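Accompanying notes for the structure given below.
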Amino acid sequence: MTVIQLPMNPARVVDGLSKIGYTPPSAIADIIDNSVRASARNVHVLIEAEHAAPQTRLNNVREYLIIDDGMGMDEDAMMNALALGSSVADYEPHSLSKFGLGLKSAAFSQGEQLELISSPGGGHFTKLVISLPKVRATNQYMAEQEPLTEEDQRLIEKYLSEGHGTIVRIAQVRKVNHPSIASTLSMLHMKAGVIYYYMMRDNELRLFVNGEECLPFDVLFTEEADQNGNLDENTWDGRTTRWIEKPKNVVVDPEGDIRVTVEVTQLPHPPTFKLDGQQVQSSIRDKYKIAAGNYGYYVYRNKRLLSWAESLGLIPQDQDFYSFRGRILIDGSADETFNIDIKKSHIHLSEVASDALDDLSDEYRRKSKRAWKNANELLKQRVNEQSAGVGLANQLAQQIVMPEELPGSLETADEYQEAQRREQELLEEQRKRERGLLAQAEGIDLTPQEGTEGDEAGARVVPTDEQIRSIIKGGAATPEDRIFLVTNTEDNALWEPYYDTDRDVCVRINKLHRFSKVIYDDNPNNGALQTLMGLWMLQLAGAERFVVRSLTRYDRAQIEAIISEYRRVTTEFLAKMCRDLGDSLPSE
Numbered sequence: 092m093t094v095i096q097l098p099m100n101p102a103r104v105v106d107g108l109s110k111i112g113y114t115p116p117s118a119i120a121d122i123i124d125n126s127v128r129a130s131a132r133n134v135h136v137l138i139e140a141e142h143a144a145p146q147t148r149l150n151n152v153r154e155y156l157i158i159d160d161g162m163g164m165d166e167d168a169m170m171n172a173l174a175l176g177s178s179v180a181d182y183e184p185h186s187l188s189k190f191g192l193g194l195k196s197a198a199f200s201q202g203e204q205l206e207l208i209s210s211p212g213g214g215h216f217t218k219l220v221i222s223l224p225k226v227r228a229t230n231q232y233m234a235e236q237e238p239l240t241e242e243d244q245r246l247i248e249k250y251l252s253e254g255h256g257t258i259v260r261i262a263q264v265r266k267v268n269h270p271s272i273a274s275t276l277s278m279l280h281m282k283a284g285v286i287y288y289y290m291m292r293d294n295e296l297r298l299f300v301n302g303e304e305c306l307p308f309d310v311l312f313t314e315e316a317d318q319n320g321n322l323d324e325n326t327w328d329g330r331t332t333r334w335i336e337k338p339k340n341v342v343v344d345p346e347g348d349i350r351v352t353v354e355v356t357q358l359p360h361p362p363t364f365k366l367d368g369q370q371v372q373s374s375i376r377d378k379y380k381i382a383a384g385n386y387g388y389y390v391y392r393n394k395r396l397l398s399w400a401e402s403l404g405l406i407p408q409d410q411d412f413y414s415f416r417g418r419i420l421i422d423g424s425a426d427e428t429f430n431i432d433i434k435k436s437h438i439h440l441s442e443v444a445s446d447a448l449d450d451l452s453d454e455y456r457r458k459s460k461r462a463w464k465n466a467n468e469l470l471k472q473r474v475n476e477q478s479a480g481v482g483l484a485n486q487l488a489q490q491i492v493m494p495e496e497l498p499g500s501l502e503t504a505d506e507y508q509e510a511q512r513r514e515q516e517l518l519e520e521q522r523k524r525e526r527g528l529l530a531q532a533e534g535i536d537l538t539p540q541e542g543t544e545g546d547e548a549g550a551r552v553v554p555t556d557e558q559i560r561s562i563i564k565g566g567a568a569t570p571e572d573r574i575f576l577v578t579n580t581e582d583n584a585l586w587e588p589y590y591d592t593d594r595d596v597c598v599r600i601n602k603l604h605r606f607s608k609v610i611y612d613d614n615p616n617n618g619a620l621q622t623l624m625g626l627w628m629l630q631l632a633g634a635e636r637f638v639v640r641s642l643t644r645y646d647r648a649q650i651e652a653i654i655s656e657y658r659r660v661t662t663e664f665l666a667k668m669c670r671d672l673g674d675s676l677p678s679e
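The numbering of the sequence shown is my numbering, which starts it at 92 and goes up by one.
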């Protein structure tokens, strides 16, 4: 057999490694893995800015620093660490580092220069530097030894005063669409506590990002599940974390006797908390990180997160699973079964493992989805109960007939005729307002078209009763209602009149206004308050209509301008009152 040595282009190889697809947080996490492997107890991540500017500015990172107090390296070990495909002899069995590429690919994915400073003890630190521009220019993969700078010495004195440890500097960070410091800090603080949860929990690792310590974060909230017990999907009210499967040892590959640990919890159902107020619902989502990208399985290998919220082909993309959280714990023996990629971030289950886990997940899926739907049904019942005040207001409103005249109004025939003319104008303008709201909400062109009549193609589109009811009157409105809780009013006013030929004067109440939230969200069980609120708003709307229609001795445009301004000012006054008084306002 003839052996033919094939050429390798070092510059192309390194450039290829830099394009693997790291984000700054994932690249930093991969380098922290080396710190963990080096038995570091303390790791400091520093992000240095290029210019004095807000941290939200893009393309303003000068360098990333990862500093650990681990065992450190001598010069030979440093050269091996910088080699492409570091020797497997330098990695302990089942190490987090598997391919000898992580440090290089992570660093070069972010910057043009990698600096490695390390000492195994005694205080003598060596510095090696790989510059991508020089690699490209010479087409040689090489490192250069350089003297320590004053900044290097300062970092060593501050963080590595015991004389051993390592500093990794990613310098000459690229300035094309590079994330802001703020976004990277936010992601690191959010995810580091999840990635290194077990190590932090067991006091094996402390991680600081720009001086602030990251705390362990259990995405399954198992302590709460321990307190609340197992999930009964048919009675769960959505307010507690429950066990779907307590930690269970599972054989995923009988031939190789590959075993993993699986545990699953059901987190709270955020919509359930909306009756407690919008802030409470938002706090539940934030606390449990309940969102589209956070449900599924979290796979840990040797106490380190490999895969964030993976479906693994086992959990459907469906909001009914938003509260599903699973965790799979593996060790190095399962690497081939789970097919870990070079970034240690994606899992591709073998067929036998997929089948084994799918059999288990089938029951987990069923319990989780049934529980979510049961919580939704209970929520609907509570909404119906707690909206009794709005319902009663609408029942009473059906008995109300707005005055057509008051003493001193419409004293002459001309005034009466003018009032009738204004009435028709108001109705026509209301229809135009409906078309505008529908077009804005649905993207439908409802304007009349020139040269068309009747129902011909291109003629004015007539909104359906269902469209009007859902968009103009709110999704929960019935045909008999006159008081509508809606999410859109003109200029975000607290209320606005609505004219209906069948129902007489109606009112649209902006349920997103702060005063409305006090009435309906903060006092959900106070039906009397909600009833009076609805009837009061209805009378305000009726009074506005009366003034515009019946005070014919005044110019209509001026009347409407004054009323509109009054409504705007009242809306702002009430909003300011709610801001100023805050939690002092009555609530249940």
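Each residue gets a CB set at the ideal place from its N, CA and C atoms; glycine is no exception.
Computed from a prediction, not measured in an experiment: that's the story for all the values here.
Secondary structure note for ASP309: it is in no alpha helix (DSSP H), with a DSSP letter that is neither H nor E. In this structure, ASP160 places its C-beta atom within 8 Å of the C-beta atom of GLU253.
Within the same chain, Cβ atoms closer than 6 Å to the Cβ of LYS460 are found at ASP411, the five residues on either side in sequence being excluded. Considering only GLU235, GLY213, ALA143, the residue with the shortest C-alpha distance to MET169 is GLU235.
Secondary structure note for VAL267: it is in no alpha helix (DSSP H), with a DSSP letter that is neither H nor E. As the crow flies, the alpha-carbon of ILE563 is around 42 Å from that of LEU149.
Counting only unbroken stretches of 4 or more residues, the alpha helix (DSSP H) elements lying wholly within the segment 191 to 234 are 193 to 199, 223 to 229, in sequence order.
Annotated as proximal: GLY417 and GLY387, with beta-carbon spacing under 8 Å.
Within its own chain, the residues whose Cβ lies closer than 8 Å to the Cβ of VAL105, once the five positions on either side in sequence are excluded, are LEU175, LYS195, PHE199, LEU223, VAL226, TYR232, listed in chain order. The distance from the Cβ of ALA447 to that of PHE429 is about 12 Å, inconsistent with a contact at the 8 Å cut-off.
GLU154 is the residue among VAL134, SER402, GLU154 whose C-alpha sits nearest the C-alpha of GLU141.
VAL351 and ILE421 do touch by the CB rule: their CB atoms are close to 5 Å apart, below 8 Å. With respect to VAL264, GLN201 sits close: the two C-beta atoms are nearer than 8 Å. Per DSSP, the beta bridge partners of TYR389 are ARG418. Separation of the CB atoms of LEU396 and ILE381 is rounded to 18 Å, and the pair is thereby denied contact status at 8 Å. For TYR379, the closest alpha carbon among the candidates GLU346, GLY320, VAL310 is that of VAL310.
As computed with DSSP, PRO588 is found in a beta bridge with VAL598. The three-state secondary structure of VAL300, taken from DSSP, is strand.
Comparing C-alpha distances from LEU403 to each of GLU442, ARG392, LYS394, GLY423 shows the shortest one belongs to GLU442. Taking every protein chain shown into account, the CB of SER452 has 16 or more other CB atoms within 10 angstroms, so this residue is buried. PRO101 carries a helical assignment under DSSP once its states are collapsed to helix, strand and coil. By the C-beta criterion, the segment 258 to 275 is judged not to be in contact with the segment 287 to 296, since fewer than 3 inter-stretch pairs fall below 8 Å. In the three-state reduction of the DSSP assignment, TYR250 falls in the helix class, which pools H, G and I. In the structure shown, the three-state DSSP call for TRP327 is coil.
Look at ARG376 here: in three-state DSSP terms it is helix.
If you check the CB distance, GLN621 and ALA484 come in under 8 Å.
In this structure, TRP334 sits away from SER414, with a CB-CB distance that is not shorter than 8 Å.
With respect to the C-alpha of ASP505, the residue from GLY329, ASN268, THR643, SER374 having the closest C-alpha is THR643.
Assigned with DSSP and collapsed to three states, LEU156 falls in strand.
The straight-line gap separating the alpha-carbon atoms of TRP399 and ARG457 is approximately 22 Å.
In this chain, PHE364 is not harboured by any alpha helix (DSSP H), its DSSP state being neither H nor E. Between ARG376 and GLU587, the alpha-carbon positions lie close to 33 Å from each other. Here the alpha carbon of ALA118 sits roughly 10 Å from the alpha carbon of SER109. GLU401 and ILE438 do touch by the CB rule: their CB atoms are close to 6 Å apart, below 8 Å.
If you ignore the 5 residues before and after TYR287, its C-beta comes within less than 6 Å of the C-beta of LEU296, all in its own chain and listed in chain order. Under the 8 Å Cβ criterion, the segment 92 to 103 does not count as touching the segment 119 to 126, having fewer than three qualifying pairs.
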